[in-house]
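Visitor: The working numbering applies: residue 104 is where the sequence shown begins, and numbers increase by one. My questions will all concern the structure given below.
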Amino acid sequence: MSRPHPTGATAPTASQRRSLATIGEVFSRIAEGAVTLHLPDGRSRRFGPLDAELDAELTVHDWEFFPRLLHGASVGLGESYVDGQWSCPDLVTLLRVLIANRDVLRPVSVGAFAQVIGDRALHAVRGNRRGQATRNIAAHYDLSNALYERFLDETMTYSSAVFPSPEATLAEAQREKYRRLASRARIGADDHVLEIGCGWGGFAEYAAGELGCRVTGVTLSTEQADYARDRMRRRGLDDRVEIVVIDYRDVAGSYDRIVSIEMLEAVGHRYLPTFFAAVDRLLADDGLAALQVITIPEQRYTNYRLRPDFIQRHVFPGGHLPSLEAMTRAMRRGSQLVVEDVENIAPHYAETLRRWRGRFLANADEVRALGFDDAFVRLWEFYLAYCEAAFRARWVNDLQLTLTRPGNPTLGRGPYAGD
Ligand SMILES: C[S@@+](CC[C@H](N)C(=O)[O-])C[C@H]1O[C@@H](n2cnc3c(N)ncnc32)[C@H](O)[C@@H]1O
């Protein structure tokens, strides 16, 4: 509890003061970018070089922010934002400064250790075995189709777009992303495509509608499946597109092409070989697979695995970003698949997230009218800004990959004599 302060503001308790002192020491190590901290009693302090390009401000409304940040790292930062204990004019810039200085900002406290242990235990309980995977997906994707309509574009795509030009609309950029993935997998009209993690049916509609192929789309979300089936009926594509609610591990059959767009983040470290074994089992001998996957740099992968972050705790239960090396290791263990090519589209994700957040905040009143409270709106604002900052900093990447097996004739001959 805070005591009344002579100036009218409340004064910090002894433990809040100790946390503030530690945070002050830790922030004084900021070397890239700058943060000006405005305290609840009106005092301000700036950390970081004077000529910093990234210059952020953070206004603290409640002294309790300091122990929460000290003990909770990204989880404490996000939770205290949701509770309105601090505000800031530009969340993305602030988060970019914190990310840029992450190595020096990691304070060590008994509370922080306890928080990590708690978060890790919860993350383990929510691991993506069958059944729990369904619960994890329902917690995010079954929130409400109307909610997703408030910030996604009309293609209802919930993954990074690829902007052909800065002026392109989000829907145009989503179709460009679909075009590129279809071209990676060399999808033709005669193909039967399996899409693992089909969302609300954006890619299935594109592939069946524009390329004329058959698509079987699988999802664990019943809300998404209802929406996607209705969408295919309305577009007259229901003879070519089948939407099935099924776990990727239980899919049967053989498919000419497999596409999976930002679904691998819901698989988990433990099940990565299982995922690639499923792709290997379901892909025809001369088949190709195209994936889009959010990844974490290899150098940070172990640490990331040991410290669940705000997103895993509050947004995507069971969520897990693989590294490229973790994926190729899993491919070796679980399949005959190899990487044919790979491209990082991270800057496009930052722009996609910027546009999603803009739409989400512009429609915040409609989101509230759907029954979501202020805390939810702040949580999603923080989530979208946190992800945008992470992609801008290339702290995380978004890879498009083509997978094949050695000797696949579909890839054709190279341009050199003797190939
Ligand atoms: C981030 S969404 C992407 C949706 C879509 N690909 C898009 O780009 O809009 C992830 C999708 O993966 C699906 N998914 C996650 N885990 C799954 C599992 N174990 N089996 C099948 N689908 C799964 C979710 O239901 C959701 O449709």
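C-beta atoms are modelled at their ideal positions from N, C-alpha and C, and glycine is treated no differently.
Let me confirm a value: residue 117 is counted as buried when at least 16 other C-beta atoms fall within 10 Å, else exposed. Which label applies?
Guide: Residue 117 should be labelled exposed.
Visitor: Considering only DSSP beta bridges, list what residue 330 is partnered with.
Guide: The partner list for residue 330 (beta bridge, DSSP) is empty, contrary to what the question assumes.
Visitor: With 16 other CB atoms within 10 Å as the buried threshold, where does residue 204 fall?
Guide: Buried.
Visitor: Please state whether the Cβ-Cβ distance between residue 189 and residue 208 is less than 8 Å.
Guide: Not closer than 8 Å, so no.
Visitor: What's the C-alpha gap between residue 428 and residue 353?
Guide: Cα-Cα distance, rounded: 26 Å.
Visitor: Which word fits residue 514, buried or exposed, when buried means at least 16 other C-beta atoms lie within 10 angstroms of its C-beta?
Guide: Residue 514 is exposed by the Cβ-count criterion.
Visitor: Taking the Cβ atom as the reference point for each residue, do residue 151 and residue 138 lie within a distance shorter than 8 Å?
Guide: Yes, Cβ-Cβ distance for residue 151 and residue 138 is below 8 Å.
Visitor: Can you give the Cα-Cα distance for residue 522 and residue 265, rounded to whole angstroms?
Guide: Low per-residue confidence applies at residue 522: pLDDT is 48, beneath 50, and the placement is therefore not dependable enough to give any value.
Visitor: Please list, in chain order, all residues of the same chain as residue 315 whose beta carbon is under 7 Å from its beta carbon, the five residues on each side excluded.
Guide: These residues qualify, in order along the chain: 292.
Visitor: Would you report the Cα separation of residue 177 and residue 412, rounded to the nearest angstrom?
Guide: If you take the alpha carbons of residue 177 and residue 412, they lie about 6 Å apart.
Visitor: Grab the span of the alpha helix (DSSP H) containing residue 469 for me, first residue to last.
Guide: Looking at the DSSP string, the run of the alpha helix (DSSP H) that includes residue 469 is 467-472.
Visitor: Extract the residue ranges of the beta strand (DSSP E) inside the segment 435-504, only unbroken runs of 3 or more that lie entirely within it.
Guide: Those beta strand (DSSP E) runs which fall completely within the segment 435-504 and span 3+ residues are 441-447.
Visitor: Return the chain-ordered list of same chain residues with a C-beta closer than 6 Å to the C-beta of residue 489, the five sequence neighbours on each side being excluded.
Guide: Closer than 6 Å at Cβ, skipping near neighbours: 198.
Visitor: What does a CB cutoff of less than 6 Å around residue 334 pick up in its chain, not counting 5 residues either side in sequence?
Guide: Around residue 334: 304.
Visitor: I'd like to know whether the C-beta of residue 209 is nearer than 8 Å to at least one C-beta of chain D.
Guide: Included in the structure is just one protein chain, with no chain D present.
Visitor: When you compare the CB positions of residue 499 and residue 414, do they come within less than 8 Å of one another, or not?
Guide: Going by C-beta atoms, residue 499 is not nearer than 8 Å to residue 414.
Visitor: Once DSSP output is grouped into helix, strand and coil, what is the label at residue 249?
Guide: DSSP places residue 249 in helix when its eight states are reduced to three.
Visitor: Hey, would you say the C-beta of residue 490 is under 7 Å away from at least one heavy atom of ligand 1?
Guide: Checking the Cβ of residue 490 against ligand 1 gives no.
Visitor: Restricting to runs no shorter than 4 residues, where is the alpha helix (DSSP H) found entirely within the segment 372-428?
Guide: Runs of the alpha helix (DSSP H) inside the segment 372-428: 375-385, 401-409, 413-417.
Visitor: Leaving out the 5 sequence neighbours to the left and right, which residues in its chain are closer than 7 Å to residue 245 when beta-carbon positions are compared?
Guide: Within the same chain, residue 245 has close Cβ partners 324, 325, 326.
Visitor: Mind pulling the alpha helix (DSSP H) runs of 4 or more residues that sit fully within the segment 284-362?
Guide: If we require 4 residues or more, the alpha helix (DSSP H) runs fully inside the segment 284-362 come out as 305-309, 325-337.
Visitor: By how many angstroms is the C-alpha of residue 336 removed from the C-alpha of residue 272?
Guide: The alpha-carbon atoms of residue 272 and residue 336 are separated by roughly 26 Å.
Visitor: Under 8 Å Cβ to Cβ from residue 230, same chain only, skipping five residues before and after it: list those, please.
Guide: So the qualifying residues of the chain are 371, 373, 421.
Visitor: Whole angstroms are fine: how far does the CA of residue 502 sit from the CA of residue 449?
Guide: If I take the Cα positions, the gap works out to 8 Å.
Visitor: Quick one: is the Cβ of residue 247 within less than 7 Å of any heavy atom of ligand 1?
Guide: No.
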